[in-house]
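Undergrad: Sharing a structure below in structure tokens format, with a few things to ask.
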Ligand SMILES: Cc1ncc(C[n+]2csc(CCOP(=O)(O)OP(=O)(O)O)c2C)c(N)n1
Ligand SMILES: Cc1ncc(C[n+]2csc(CCOP(=O)(O)OP(=O)(O)O)c2C)c(N)n1
Ligand SMILES: [Mg+2]
Ligand SMILES: [Mg+2]
């Protein structure tokens, strides 16, 4: 049987393997040496790859900007932003610099940079430490958006990200770090733009982003009891988005629920739902329903948070709605 | 007959009227005194309201941050960001500070700040001076997004924006500044969250954002010749979004095209299209089609730009598609 | 207000309020009643108290992720604060903010902040409001040494200096930035040495001595209030606990912490000074501590007994309630 | 390379290349062939040329919205540059970038930039790449005085100093920021006075004198190359044209501009020095100018005759072509 490791360990393994493979790969971020970052993903790198990990002051714009320059000069930086929320301090660097450099220079520039973004609800860190914002980066041409949902996808997608000649925003849901799963040892990569059908089904398609994949699989089991056979599609990268696999599934089942943890208003699920509506209209037997957080900042109190983050019952209810 | 003025003049008039009405209103931005900003919207304020306009160094994060503090302390800053693209330098201030302050403080804070954002294609300024990004701010709870399409909407919405107790991102399409229209003199405001039916029709609904309103009206005239009677709905604010008016129209016509100038991938049109799909499914006779730019940075060459910005023929083609 | 027995007693008590409030919050975290991240201010009390003792109620204060001290020193109610840490409806922020977002607008305490360096420009903006209205209110911004690397430090102070605003920038240099010793990631030891880049006065002060802090802050606040523009104060200080609860603190030795607790505890420093001047008898000392203990016990009781917010509160306070046009 | 007739002639010619290239681009704008915003560098030629004359081909340069000079001084082809301004397929950036985004990666000219201050951290990153690879390449970042207010200046230089990287920060202080005189929005006259906040050397130089610039830059570049870390150079300079074409320049008098053109034209300065040392005869001078005129005429011809990019190019270069996994 394959060994079982956590999502965090899978990412760490991917980083070590990629740094071993290519000595232009290096790591940069706050507390990445002394603590291995808040989720210890960069642990062990300082010892194994001395001189290839840089612990920075608190200067997100500077860090990402330095990454852009190093990447243009041929290196492969893997930048850790301690929490996704702080990428707001470096948006020019991501959006106007990293993303557009290839295009603006007529193809001369390559910015092979990975930006790792721990995101989503954690241990009650409130409004400024719980955001997701996948849809922001989907909307930015020139960057790619990866959202792994399992340890093995985490490893394979991160390795692909490091090798990509273009910038990748790599979303790591905080609550996923400790989740476990089977992960192959050694070399494998997962292509971007290739969705994964995490469960086959005939009656409805759930397109699930990040941690909603696991919750959708749980919902699918519950729905079995009601006699519904549900397919779960994990896009794995939101940009590029594998519209074919999604549409093929929806055309087959005729019903779609799109789930994300982030607020659905102008969120990643909106793009997916709109795309399905455009491409699968003739086959749809019910409206495409979106599941996500309400359009509110993340509150602090546990008593409130439990009404914000979407859970399994939200998914089962939505599936029941589109099927009935 | 009512007088006719430009969009830029209408905004200037709104600012003067609001500054006259309320002496906590003030203006801040780069070159807002010496030049009245790049589009001269703040011209005349220094003379008429001395001490209430601040010309700043190039420091967008500082400017917006100062606005947040002044607003929390009871003032009503109207901040000009010279081009929308530069708001990337102040995203923490908009998203983590201005937007969330009321919520995080349990309702204590009010951040009555307007951020004016000249945006969209202009005179060939390429990738870093032509962006729009409405959908980013739609996705941020706690801010409002206004997108006027005519001089009279510009004046009425800007006056509402200045009076709002919460932050407003005010999108001013550059190519709209010189467009003319009838604008009432003196006092009137336009409520947020109230779409305007710019043209009645029976056969299809065009939901058009910003400059696409005018283009849709032109398309509607052309479509008349083909015997199609098209309704044009202008949401005017994207957040809050008047889903009722939009859905009422689409339920009536059974067909919808959603047009924006920005890239449609995870763009403002995606939210609107997904929302229509969710709410009007039973009445839709054709898929909801989105019109927008391709998912590319804005190129420089006029030879390329003309294939990027959506024009009237794109709209007529889309309407024909949903009707046929 | 010049140095007096009364002032010292107030400062002494306020430092105890911070110390005991936090130690209680720490305890309640271990009991599972307080949730989320708790960034302990203990050890740094002299900074908040020394500065805020110079402030009027209508002066503005903006803080950081480590702001229990700033709030209490500005006069915030420990009951509401404790309830906030519990996530209760009666909290300062109705349970929506938590430790990193405590604010009390009735005291012009405009909020702690979870983003490092994010208060600097807003404090400058509050000072601009004061100047425009001619109310001679001063704004004080507290921030850590880590914030000095951020662009917001540069842009915020730059604007405060340009417009000669009534704002005082107080850097709490506790020599660590989360899990990293400051000098691993900084080139200048003293943050106040950066003041020259903004053409404003910069001064470094022993942040473990409440009287020194008080006096340096008084000068800066007076200058700000009288139109002399901003000052950058660096208070050299130390946190007795880890970055937040659960921090294993591999980046420093227990001996280092112990030495600071023994030799540089601001509460001890002030007690010694007061004892020296015969401004505090043992009885008075005990009475003050007892009063504070009562206050904190009360805060816990209040928090314990308060209700959690209702589910409906999830969607309130996103925008103002009656979002009406004109 | 120490000062020699040959070096001076090269610098002299390069200044003319910039001057005439831009004057031609200006003319072509009026003819409607060049479109978009054109930020003229004329008047500031000594800065780009004085600095870049010290650089190796593999050294990195990053620029600003006003970068024709930086590109030409680094050796860029005026034909491709002119074609870029025309939006032609043969341009340096295939017509996708335009004036504000000219780049030539074959010369390690990593790009002009439309965002003020946005090149500073990337230049620092290029220097980091050089240091990691041990190639002793130096990175030079040009930026305007306006950029000194931005957070990216602070964060970028902060990181360059912390890691002692081989990077030289060159501020072109032309005393204006778009339509605002610098001292309306700044407190420090000299940008190099900010260097102390980063514990790096700061030096101000007469940016109208190519030799002075050359020598100051040489020292900084040598220091960077030999591991001595960054330098902040302020070149005091002046732009002869408005911020961009169409600028009515109400913020300054024609007399002021005229005085700079008469008394502080870097081309005249260098010509005078060379004449003085008998390094340039009138004939040689004419020959150089003729050569440059030919070059520019050629550039226009090339641009004129080049095709516009094909519509299909809209969607290329967003991502690398063969976006393949593993
Ligand atoms: C912009 C930003 N980057 C990173 C963080 C994560 N973070 C929170 S506190 C902290 C260390 C702050 O150090 P300092 O400013 O010295 O304050 P101290 O904790 O020492 O009081 C970091 C890195 C953050 N909150 N905001
Ligand atoms: C972040 C940002 N803010 C504003 C602008 C608009 N802008 C372009 S150039 C300029 C003035 C720049 O002044 P300076 O840095 O001194 O350069 P100069 O034009 O004088 O060479 C401004 C405000 C911009 N491009 N980027
Ligand atoms: Mg610290
Ligand atoms: Mg300048």
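Residue numbers (my numbering), protein chains in the order written: chain Z, 14 to 337; chain P, 14 to 337; chain G, 951 to 1276; chain E, 951 to 1276.
Backbone N, C-alpha and C fix where the C-beta goes; we use that ideal spot for every residue, glycine too.
Looking only at its own chain, which residues have a Cβ that is under 8 Å from the Cβ of residue 1260/E, when we skip the five neighbours before and after it?
TA: Excluding sequence neighbours, residue 1260/E sits near 1039.
Undergrad: Consider the Cβ of residue 116/P: report whether some Cβ of chain Z lies at a distance smaller than 9 Å.
TA: Judged by the 9 Å Cβ criterion, residue 116/P is in contact with chain Z.
Undergrad: For a contact meaning CB atoms closer than 9 Å, what does residue 143/Z contact in chain P?
TA: The contacting residues do not exist; residue 143/Z stays about 11 Å from chain P at best.
Undergrad: Measure the C-alpha to C-alpha separation of residue 118/P and residue 77/Z and round it to an integer number of angstroms.
TA: Rounded to the nearest angstrom, the two C-alpha atoms are 31 Å apart.
Undergrad: By DSSP, does residue 1006/G sit in helix, in strand, or in coil?
TA: Residue 1006/G falls in the coil class under three-state DSSP.
Undergrad: Within 8 Å: the Cβ of residue 1014/E and any heavy atom of ligand 2?
TA: Residue 1014/E: yes, Cβ under 8 Å from ligand 2.
Undergrad: What residues does ligand 3 have around it, judged by CB closer than 6 Å to any heavy atom, in chain order?
TA: Here the list is 1094/G, 1095/G, 1096/G, 1124/G, 1126/G, 1127/G.
Undergrad: Residue 264/Z to residue 216/P, Cα distance in whole Å?
TA: Taking the straight line from one Cα to the other gives about 27 Å.
Undergrad: I need the DSSP call for residue 1203/G, collapsed to helix, strand or coil.
TA: DSSP places residue 1203/G in coil when its eight states are reduced to three.
Undergrad: Can you list the residues of chain E that residue 1102/G reaches, using a CB-CB cut of under 8 Å?
TA: Per Cβ cutoff of 8 Å: 1101.
Undergrad: Taking 9 Å as the CB-CB limit, is residue 294/P close to chain E?
TA: Answer no: the Cβ-Cβ gap between residue 294/P and chain E never drops below 9 Å.
Undergrad: Can you find a C-beta in chain G that's less than 9 Å from the C-beta of residue 191/Z?
TA: Not an interface residue.
Undergrad: Measuring from the CB of residue 43/P, is there a heavy atom of ligand 4 at a distance below 8 Å?
TA: No.
Undergrad: Please classify residue 1117/E as buried or exposed, where buried requires at least 16 neighbouring CB atoms within 10 angstroms.
TA: Flag for residue 1117/E reads buried.
Undergrad: Interface residues of chain P around residue 1305/G at Cβ under 9 Å?
TA: Since the displayed chain G opens at 951 and closes at 1276, residue 1305/G lies outside it and no answer follows.
Undergrad: Alpha carbon to alpha carbon, how far is residue 1274/E from residue 979/E?
TA: Its pLDDT being 44, under 50, residue 1274/E is placed unreliably in this model, and the value from its coordinates should be taken loosely. Approximately 42 Å, taken between the alpha carbons.
Undergrad: Is the shortest distance between the beta-carbon of residue 1148/G and the beta-carbons of chain E less than 9 Å?
TA: With 9 Å as the cut-off, residue 1148/G counts as an interface residue toward chain E.
Undergrad: Closer than 9 Å, Cβ to Cβ, to anything on chain E: give me those residues from the region 18-43 of chain P, in chain order.
TA: For the region 18-43 of chain P, which is checked against every Cβ of chain E, the residues closer than 9 Å are 43.
Undergrad: Is residue 954/G helix, strand or coil when you go by DSSP?
TA: Coil, per DSSP.
Undergrad: Compute the beta-carbon to beta-carbon distance between residue 1071/E and residue 1109/E, rounded to the nearest angstrom, for a pair I have assumed lies under 8 Å.
TA: Right, their Cβ atoms sit about 7 Å apart.
Undergrad: Is residue 1022/E close to chain Z, meaning its C-beta is less than 9 Å from at least one C-beta of that chain?
TA: With 9 Å as the cut-off, residue 1022/E does not count as an interface residue toward chain Z.
Undergrad: If I follow the unbroken beta strand (DSSP E) through residue 128/P, where does it start and stop?
TA: That run of the beta strand (DSSP E) goes 127-132.
Undergrad: Find the residues of chain P that neighbour residue 1045/E, judging by a C-beta separation of less than 8 Å, and give them in chain order.
TA: Simply 312, 313, 314, 316, 317.
Undergrad: To the nearest angstrom, report how far apart residue 155/Z and residue 1269/E are at their CA atoms.
TA: Between residue 155/Z and residue 1269/E, the C-alpha separation is close to 6 Å.
Undergrad: Pull up the distance between the alpha-carbon of residue 1265/E and that of residue 280/P, whole angstroms please.
TA: Straight-line Cα distance between these residues: approximately 18 Å.
Undergrad: In terms of residues, what are the limits of the beta strand (DSSP E) holding residue 250/Z?
TA: Run containing residue 250/Z: 250-252, per the beta strand (DSSP E) assignment.
Undergrad: Helix, strand or coil for residue 1122/G? Go by DSSP, reduced to three states.
TA: Of the three classes helix, strand and coil, the one that applies to residue 1122/G here is strand, per DSSP.
Undergrad: Rounded to whole angstroms, what is the Cα-Cα separation between residue 226/P and residue 100/Z?
TA: C-alpha separation (whole angstroms): 34 Å.
Undergrad: Measuring alpha carbon to alpha carbon, tell me which residue in 1159/E, 1111/E, 1179/E, 1059/E is nearest residue 1007/E.
TA: Comparing Cα positions, the closest option is 1059/E.
Undergrad: Which residues in chain Z have a C-beta closer than 7 Å to the C-beta of residue 1134/G? List them in chain order.
TA: Here the neighbours are 68.
Undergrad: Runs of 4 residues minimum, wholly inside the region 145-210 of chain P: which ones carry the alpha helix (DSSP H) assignment?
TA: If we require 4 residues or more, the alpha helix (DSSP H) runs fully inside the region 145-210 of chain P come out as 147-151, 164-176.
Undergrad: Which residue from 196/P, 164/P, 253/P puts its Cα closest to that of residue 204/P?
TA: Among 196/P, 164/P, 253/P, the Cα nearest to that of residue 204/P is on 253/P.
Undergrad: At the level of alpha carbons, what is the spacing between residue 1051/E and residue 1062/E?
TA: When rounded, the distance between both Cα atoms is 5 Å.
Undergrad: Note down the Cα distance separating residue 49/P from residue 53/Z, rounded to an integer number of angstroms.
TA: Their Cα atoms are separated by approximately 51 Å.
Undergrad: Listed in chain order, which residues of the region 120-139 of chain P have Cβ atoms closer than 8 Å to some Cβ of chain G?
TA: Hits within the stretch, in order: 120, 121, 122, 123.
Undergrad: Would a check of beta-carbon distances place residue 1112/G closer than 9 Å to chain E?
TA: Closer than 9 Å to some Cβ of chain E, the Cβ of residue 1112/G qualifies, so yes.
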